[in-house]
Amino acid sequence: MNFEAELGALSRALDAALERMRRLAEENASLRRGRDQMAGERAALMARNEQARTRVEAMIERLKSLEAAG
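Okay, here's the thing in structure tokens:
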């Protein structure tokens, strides 16, 4: 292989590596956005679960009070 052919092959390999790196960076950014969105959704669901638990406990206490009074 002559020098120009080797240089061309190296140039193509470098271009391919740079393109792969660009795609991986985009994918990584997308995955991070998805992770952050899921973390937000998880926090919201945990808050809703806590509210529901508090309401159920309050209902149980009211039922116990009614039972004791009756």
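Residue numbers (the numbering used here): 154 to 223.
Ideal Cβ positions, reconstructed from N, Cα and C, are used throughout, including at glycine.
Residues near residue i in its chain [Cβ-Cβ closer than 6 Å; skip 5 each side]
| i | result |
| --- | --- |
| leucine 177 | none |
Interface flag, residue i vs chain D, CB-CB below 7 Å
| i | result |
| --- | --- |
| methionine 191 | Included in the structure is just one protein chain, with no chain D present. |
Same chain, Cβ closer than 8 Å to residue i, five either side skipped, listed in chain order
| i | result |
| --- | --- |
| arginine 185 | none |
| leucine 171 | none |
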